[in-house]
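Asker: Sharing a structure, written as structure tokens. Questions coming.
Numbering (the numbering used here), first residue to last: 21 to 418.
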């Protein structure tokens, strides 16, 4: 970049010097063809002001028109008006040099002069390399830090008995579904995704998008939030069955960011943000990062304001009694809380519960769930970000 700027300065000096030398020898025409050139120069300045021309295009075209104007002046045989023409040329040369120097100075402050240029094609090639070299699940799990597992002896005994029972009944789909959830609650995510893989194997083509997403999530959690090749495949299987599966789309956005394609992440997360709902567990994280992603993607983007309830939502709620509204919300929150307490779940589910308690104004309950979730996901930075975003939405963090 700096080398290119130096070349531009040199070119401006050479062109300006030649033009100044020619100006001293040329005559100022009063003929109509020179008037046309003058009007063309004024038109160029208008185009530059409108943004139709880039600076380098303007400089090149102005130099060419100036050359023709000088030639026309020579042919006309009139004497020069050095004061006006010299001032204009000196202003052009000086302004061009000053603009270039200011650009170099600005780049040295906010750019990375020591980093070589990285064209889009090169960055895409690097992304493909990162994709091809993505770790396999087994390797990713081996590199993940050790996790603390549940120590409730009674629950551990129940899970042990369930494992033994399934050895005798390997085709029991419901049994393997239960085992996947139980292993997940214990923190045995490797065993959990193996059980979920068995569910997918038994169901075959009938496996749903939710089941494939559950498998992907267990793979990701077992690898300490790293999205391996197998996890990517599972996410794509979920999206093949349901292209609008929001949790799978959110994770795919994280995947693209990890392989150097934040532009793809922006495209996915922008749709999720605009689709809502605002209470979705991934929305806080998207809101915190979407502006930076837009800048990296080269898009001028203003995130939508936080949406309140729609007119239909307000009308439906208005038609319910206060007791019915409270009962409905409490039932939804209680159901989610009970499921997480008995079966566990991924970080987005915990985040959803935290946000729900915040909406209800039960900040103490939200804080308790947040603290518990932080302990569960302490070794997974990506999930902690989701939880912190939910806590921020609930007004209990930082």
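For glycine and all other residues, C-beta sits at the position ideal for the given N, C-alpha and C.
1) Kindly list the residues whose CB is nearer than 6 Å to the CB of residue 271, restricted to its own chain and excluding five residues on each side of it in sequence; keep chain order.
2) Just mark residue 315 as buried or exposed, buried being the case when its beta carbon has 16 or more other beta carbons within 10 Å.
3) Spatial neighbours of residue 151 within its chain, please: CB distance less than 7 Å, with the 5 preceding and 5 following residues excluded, ordered by chain position.
4) Would you report the Cα separation of residue 353 and residue 414, rounded to the nearest angstrom?
5) Less than 7 Å separating the beta-carbons of residue 248 and residue 367?
6) With the cut-off set at 7 Å, would you say residue 202 and residue 179 are in Cβ contact?
7) Restricting to runs no shorter than 4 residues, where is the alpha helix (DSSP H) found entirely within the stretch 275-328?
8) Sorted by chain position, which residues of the same chain lie with C-beta nearer than 8 Å to residue 417's C-beta, five sequence neighbours on each side aside?
9) Nearest to residue 154 by CA position, among 184, 250 and 401, is which residue?
10) Please report the residue range of the alpha helix (DSSP H) in which residue 383 lies.
11) What is the C-beta distance between residue 282 and residue 317, in whole angstroms, given that I count them as a contact (C-beta under 8 Å)?
12) So residue 220 packs on residue 235, CB below 8 Å; how close in whole Å?
13) Which residues in the same chain as residue 310 place their Cβ atom closer than 8 Å to its Cβ, once the five residues preceding and following it in sequence are excluded?
14) Exposed or buried, what is residue 329 when buried is set at 16 or more other beta-carbons lying within 10 Å of its beta-carbon?
15) What do you reckon, are the CB atoms on residue 239 and residue 157 nearer than 7 Å?
16) Does DSSP classify residue 402 as helix, strand or coil?
17) Give me, in chain order, the residues of the same chain whose beta-carbon lies closer than 8 Å to that of residue 222; leave out the 5 immediate sequence neighbours on both sides.
18) Apply the 10 Å Cβ neighbour rule to residue 149 and answer buried if 16 or more other Cβ atoms are within range, or exposed otherwise.
19) Considering only the alpha carbon of each residue, which of 216, 241 and 243 lies closest to residue 231?
20) Give the straight-line distance between the Cα atoms of residue 261 and residue 65, rounded to the nearest whole angstrom.
21) Is the Cβ-Cβ distance between residue 245 and residue 387 less than 7 Å?
22) Identify, in the order they occur along the chain, each residue of the same chain with its Cβ nearer than 6 Å to the Cβ of residue 258, setting aside the five sequence neighbours on each side.
23) Which residue marks the beginning of the alpha helix (DSSP H) containing residue 154, and which one marks its end?
24) Within this structure, are the beta carbons of residue 14 and residue 210 separated by less than 7 Å?
25) Helix or strand or just coil, what does DSSP make of residue 408?
26) Is DSSP giving residue 247 helix, strand or coil here?
27) Within the same chain, show all residues whose beta-carbon is closer than 8 Å to that of residue 365, passing over the 5 residues directly before and after it, in chain order.
28) Look up residue 165 in the DSSP assignment and say whether it is helix, strand or coil.
29) Could you please give the first and the last residue of the uninterrupted alpha helix (DSSP H) stretch that includes residue 213?
30) Compare the Cα-Cα distances from residue 371 to each of 237, 304 and 172 and report the closest residue.
31) Please state whether DSSP places residue 358 in a helix, a strand or coil.
Answerer: The structure says:
1) What you label residue 271 is simply residue 251 of the chain shown in a count that begins at 1. For residue 271, where only same-chain residues beyond five positions count, the Cβ hits under 6 Å are 255.
2) Taking the first residue of the chain shown as 1, we reach residue 315 at position 295. Exposed, by the Cβ-count rule.
3) On the chain shown, position 131 is the one that residue 151 refers to. Counting only Cβ-Cβ distances below 7 Å, and skipping sequence neighbours, we find 279.
4) Here residue 353 refers to the residue found at position 333 when the chain shown is read from its first residue. Here residue 414 refers to the residue found at position 394 when the chain shown is read from its first residue. If I take the Cα positions, the gap works out to 14 Å.
5) Against the chain shown, residue 248 aligns to sequence position 228. Against the chain shown, residue 367 aligns to sequence position 347. Inclusion of residue 248 and residue 367 in the CB contact set at 7 Å is not warranted, their separation being larger than that value.
6) On the chain shown, position 182 is the one that residue 202 refers to. On the chain shown, position 159 is the one that residue 179 refers to. Closer than 7 Å, so yes.
7) Within the stretch 275-328, the runs of alpha helix (DSSP H) that reach at least 4 residues and sit entirely inside it are, in chain order, 282-295 and 303-317.
8) As a working note, residue 417 is residue 397 in the chain shown. The answer, listed in chain order, is 390, 408 and 411.
9) Stepping through the chain shown from its first residue, residue 154 is reached at position 134. From the listed residues 184, 250 and 401, the smallest Cα separation to residue 154 is found for 250.
10) Position 363 of the chain shown holds residue 383. Judged by DSSP secondary structure, residue 383 falls within the alpha helix (DSSP H) whose first and last residues are 383-396.
11) For the purposes of this step, residue 282 is taken as the residue at position 262 of the chain shown. For the purposes of this step, residue 317 is taken as the residue at position 297 of the chain shown. Right, the Cβ-Cβ distance comes to about 6 Å (below 8 Å), so this counts as a contact.
12) Here the question's residue 220 lines up with position 200 in the chain shown. Here the question's residue 235 lines up with position 215 in the chain shown. Rounded to the nearest angstrom, the Cβ distance from residue 220 to residue 235 is 6 Å, consistent with a contact under 8 Å.
13) Within the chain shown, the letter at position 290 stands for residue 310. Closer than 8 Å at the Cβ level, and outside the excluded window around residue 310, lie 286, 289, 290, 293, 321 and 323.
14) Locating residue 329 in the chain shown gives position 309, where the first residue counts as 1. Residue confidence is low: residue 329 scores 49 on pLDDT, short of 50, so the model does not pin down where it sits. No coordinate-derived value is stated.
15) For the purposes of this step, residue 239 is taken as residue 219 along the chain shown, with counting starting at 1. For the purposes of this step, residue 157 is taken as residue 137 along the chain shown, with counting starting at 1. Contact flag set, yes.
16) Walking along the chain shown from the start, residue 402 turns up at place 382. Correct three-state label for residue 402: helix.
17) Here residue 222 is taken as the residue at index 202 of the chain shown, counted from 1. Scanning its chain for C-beta atoms nearer than 8 Å, with the 5 sequence neighbours on each side dropped, one finds around residue 222 the residues 191, 193 and 196, in chain order.
18) Residue numbering aside, residue 149 sits at position 129 when the chain shown is read from its first letter. Exposed, by the Cβ-count rule.
19) Here residue 231 corresponds to residue number 211 of the chain shown, with the count starting at 1. Cα-wise, what sits closest to residue 231 is 216.
20) Locating residue 261 in the chain shown gives position 241, where the first residue counts as 1. Locating residue 65 in the chain shown gives position 45, where the first residue counts as 1. Each residue's Cα considered, the two are about 56 Å apart.
21) Taking the chain shown and counting its residues from 1, one reaches residue 245 at position 225. Taking the chain shown and counting its residues from 1, one reaches residue 387 at position 367. Taking C-beta atoms as the reference points, residue 245 and residue 387 fail to come closer than 7 Å.
22) Looking up residue 258 in the chain shown gives position 238. Contacts found: 229, 232, 233, 265 and 268.
23) Here residue 154 corresponds to residue number 134 of the chain shown, with the count starting at 1. DSSP places residue 154 outside any alpha helix (DSSP H), giving it a letter other than H or E.
24) Outside the shown range of the chain (21 to 418) lies residue 14, about which nothing can therefore be said.
25) In the chain shown, the residue the question calls residue 408 occupies position 388. In the three-state DSSP reduction, residue 408 falls in the helix class (H, G or I).
26) Within the chain shown, residue 247 is the residue found at index 227, counting from 1. Residue 247: coil per DSSP, three-state reduction.
27) Here the question's residue 365 lines up with position 345 in the chain shown. Closer than 8 Å at Cβ, skipping near neighbours: 204 and 359.
28) In the chain shown, residue 165 corresponds to position 145, counting from 1. It is coil, neither helix nor strand.
29) To locate residue 213, count along the chain shown from 1; it is residue 193. Counting along the chain, the alpha helix (DSSP H) containing residue 213 begins and ends at 209-223.
30) Position 351 of the chain shown, counted from the first residue, corresponds to residue 371. Checked all of 237, 304 and 172; the closest Cα to residue 371 is 304.
31) Your numbering for residue 358 matches position 338 in the chain shown. Helix.
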